[in-house]
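So the protein lines, in turn, are chains A and B.
Residues 1 to 331 in my numbering are what the first sequence lists, from first letter to last.
Residues 1 to 323 in my numbering are what the second sequence lists, from first letter to last.
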Amino acid sequence: MKKKFDFGPYLYILPAAIIIIVFRLIPIILSFIVSFYDWTITGPGKFIGFENYIMMFHDGEFWQSMLNTFYLVIFVVPISLVLSLVFANFLNGIEKLKSLFRSIYFIPTVTSMVAISIVWKIIFNQQTGLANFFLTKIGFDSMGWLAESRGVTDIFLSNLGINFSGFVQTLSSGIGMSYNTLYLLLGGPSLALFCIIIVTIWKGLGYNTIIYLAGLQNIPKVYYEAADIDGAGKIRQFFKITWQMISPTTFYVLMMTTIVTFQVFSQIYLMTGPPVGGPLGTTKVIVYFLFDKGFGESNNLSYASAIALVLFGIILTLTLFQKRLEKKVHY
Amino acid sequence: MKKSISYIILSVCGLFMIIPFIWMITTSVKSQLEVNKGNVGFLPIEQYSTYEEDGIIYRITPVKVDGDSTYIHIFDENMNRIRSYEKVATSNIVEKKEFKLHFENYKEAFTKVPFKRYFINTLFVSFSVVFGVLITGSLAAYAFATMRFKGRDFIFYLFISMMMVPQPVYLIPSYVLLNHMGWIDTYNALIIPWIANIFTIFLLRQQFKTIPDELFDAARIDGCGRFRTLWTLVLPLSKSVIVTAAIFGFIGSWNSFMWPLIMTDSPGLRVLQVGLSYFSQEASAQTSLLMAASTFSILPLVILFLFAQKQIIASFASSGLKG
């Protein structure tokens, strides 16, 4: 007797499958298609091939947004990683007040980016902000913070009395590159973007610390006991045992922080400007750029889709690269 | 000795983590006048000059000093100017410092824009999403974990691979799709796309797989059908993971911003985060009101966090150990 086909399992996955297919799979496929057209909010347009991608390549705003996003990632990821590992180590070493500290570090993680951005925007306010309040208390001049478009390298060197912009001027005429491009590359992130970096690190630190703490607690105590007997110091133990044993967690933290930082949006939308992304476009990141292209004045949904896909390509490449590296490092 | 270094470093950094919140609260109970005067420290202390006349103390502002006397403006208790350019003896003017909390800022911020409506919208959306995610998630995870069927692994890994795709990629086509369905600017747009969550399915599947086969066999021998087994055996054994999934769902939904910002337009549909964002543009100069609004909008989650602290931290920690 032939067994009857069992529909049961399909019925169980059906509700989730419908939602995921309609609102995830189809939009993902659609985004590839849309990126080859010139759609706007009013409706479908005509097929234009790779034109959106070519346009992106020649779009100075796109490259600046990319550079800003890279600055953000390059600063946020390593600093957050090191700080959270240090905190987790200290937390792992204490008994009393451990859960209090853990909670304090973790609160920014559960609070909304919107409220946090509003608070930090006021902290960095030139006249009524806390940052300048502290700065002037310890005898420095107040700074422009979110209104400051100069790069951090420029600000730092100028304070040492070095004429950075003059140097860039000479160099740009020497190598035949435009002053602005060279300034953006050598000047580093603007002070405004640096404020965003601080907030982004602050927001994600608690999560990374908790992940590291969980990783540290999984390292068997016997390794440290053996090292103690062999007379290895604490710092040597950290690099020879902890750092090696924790590397899967490090890869996870590295990957998650990178992915999240590439997609920063709310802090930019709420803290910078007007216009958002200012001053002088130095805080415009890639997700805000595509949001602006898709839902701003030009309403170019196709161009926005193409930008989103390039972002996805970058994230995917980095993730695969990190996975390969992880395989090499693991024994 | 070594311990005390740990405590010092943890405290200093802990202070840096918590100071924005402390300052948010202290600024939220200051008068805007004080903030604008540049009194931006932590203590809500007000400084002002007073002048006493016939046993009544008036608030005044000095205008010009002229020898032993000073020209002043005199105000009543509502800070309305009642007399201008009065000439009084300087020695009669007293500088005062007063510790004063302006809790009325909270009421003003809450009623200035319909925050009540925003809270109700957010609660409605968040609870609907969590409810939906748990139902669709447990049904699907149950099938993936305990049943054999054609295409099971393919479908499962297809779902998992979609988890990698960042939101900006599907945001724009989702807008086009929802627009086509006529769902833009409705609750549907905020709820329906989110009532199934791949991560929840993954989380629950991992948990369901740990339940020993013997228990399923026993249930089958007792004549339990598939659904009854899920309801009476699997779910009760998975309480803590279900709570974890609910917490993730709730926090994610409560804090989501970009999606509702794009998918809704009318003020009546604003969720808390979107409402707060508009409020921050409208009242950008009123720092103390903004701080009050920020405070009450993060309060529900902070309270939830303080109550379920252990569970929440354990949930987030476990999300990193899936490897």
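No residue lacks a Cβ here, since even glycine has one placed at the ideal position from N, Cα and C.
No experiment lies behind these values; they were computed from the predicted model shown.
DSSP-derived helix/strand/coil call for Thr264 (chain B): coil
Boundaries (first-last residue) of the beta strand (DSSP E) holding Phe99 (chain B): Ile93 to Phe99
8 angstroms Cβ cutoff, Ser65 (chain A) in contact with chain B: no
Minimum Cβ-Cβ distance from Phe149 (chain B) to chain A less than 8 angstroms: yes
Identity of the residues DSSP links to Val310 (chain A) by a beta bridge: According to DSSP, which records beta bridges pairwise, Val310 (chain A) is partnered with nothing at all.
Sequence ranges, alpha helix (DSSP H) only - wholly within the region 129-188 of chain A, length at least 4: 130-137, 152-159, 164-175 and 179-187
Rounded distance between the beta-carbons of Leu182 (chain A) and Leu171 (chain A), thought under 8 angstroms: 6 angstroms
Proximal residues to Thr136 (chain A) (C-beta, below 6 angstroms), its chain only, five neighbours per side dropped: Ser142
Per DSSP, the bridge partner or partners of His73 (chain B): B:Thr61
Cut-off 7 angstroms between Cβ atoms - residues of its own chain near Leu134 (chain B), not counting five sequence neighbours on either side: Ile242, Ala245 and Ala246
Below-8 angstroms beta-carbon distance, Gly93 (chain A) vs any chain B residue: yes
Per-residue contacts from Ala143 (chain B) into chain A (C-beta, under 7 angstroms): Pro9, Tyr12 and Ile13
Beta-carbon proximity of Cys80 (chain A) to Asn208 (chain A), cut-off 8 angstroms: Position check: residue 80 (chain A) holds Ser in this sequence, whereas Cys was assumed. Their beta carbons are under 8 angstroms apart, which means Ser80 (chain A) touches Asn208 (chain A) by this criterion.
Distance between Leu158 (chain B) and Leu301 (chain A) (C-alpha atoms, nearest Å): 26 angstroms
Per DSSP, the bridge partner or partners of Asp66 (chain B): B:Ser69
Through-space distance from Met258 (chain B) to Lys322 (chain B), alpha-carbon basis: Its pLDDT being 44, under 50, Lys322 (chain B) is placed unreliably by the model, and the measurement read from it follows with that caveat. Cα to Cα, the separation comes out at about 28 angstroms.
Proximity winner among B:Gly132, B:Glu77 and B:Tyr187, relative to Asp265 (chain B) (alpha-carbon distances): B:Tyr187
beta-carbon Gly174 (chain A) near the ligand NAD non-hydrogen atom, thresh 7 angstroms: The ligand content of the structure shown is nil, which means the ligand NAD is not present either.
Residue interval of the beta strand (DSSP E) (run including Glu61 (chain A)): Glu61 (chain A) -> not in any beta strand (DSSP E); alpha helix (DSSP H) instead, spanning Gly60 to Gly93.
Sub-8 angstroms separation of Lys30 (chain B) and Pro20 (chain B) beta-carbons: no
Range of the contiguous beta strand (DSSP E) that encloses Ile195 (chain B): Looking at the DSSP string, Ile195 (chain B) is not in any beta strand (DSSP E), and its letter there is neither H nor E.
Which of helix, strand or coil DSSP assigns to Leu15 (chain B): helix
Residues that Tyr48 (chain B) bridges to, as DSSP identifies them: B:Lys96
Three-way DSSP call (helix, strand, coil) for Thr40 (chain A) in this model: strand
Cutoff 7 angstroms; reference Tyr269 (chain A); Cβ partners in own chain excluding five residues on either side: Val276 and Tyr288
Residue interval of the alpha helix (DSSP H) (run including Ile268 (chain A)): Ser266 to Met271
For Leu83 (chain A) and Ser8 (chain B), the rounded distance between their alpha carbons: The question names Ser, but residue 8 (chain B) in the sequence shown is Ile. Going from the Cα of Ile8 (chain B) to the Cα of Leu83 (chain A) covers about 15 angstroms.
Three-way DSSP call (helix, strand, coil) for Arg83 (chain B) in this model: strand
Burial state of Asp154 (chain A) (16 or more Cβ within 10 Å): buried
Per DSSP, the bridge partner or partners of Glu53 (chain B): B:Ile56
Among B:Phe305, B:Gly14, B:Val271 and B:Gly41, the one whose alpha carbon lies nearest that of Leu130 (chain A): B:Gly41
Where Ser31 (chain B) sits in the DSSP three-state scheme: coil
Contact list for Trp23 (chain B) against chain A, beta-carbon separation under 8 angstroms: Val119, Ile123 and Leu130
C-beta atoms of Gly206 (chain A) and Thr283 (chain A) nearer than 8 angstroms: no
Supposed close pair Met291 (chain B), Met17 (chain B) - CB separation, criterion 8 angstroms: Not quite, the Cβ-Cβ distance comes to about 18 angstroms (not below 8 angstroms), so this is no contact.
Segment contact, 8 angstroms Cβ cut-off, at least three pairs: the region 8-16 of chain A with the region 124-144 of chain B: yes
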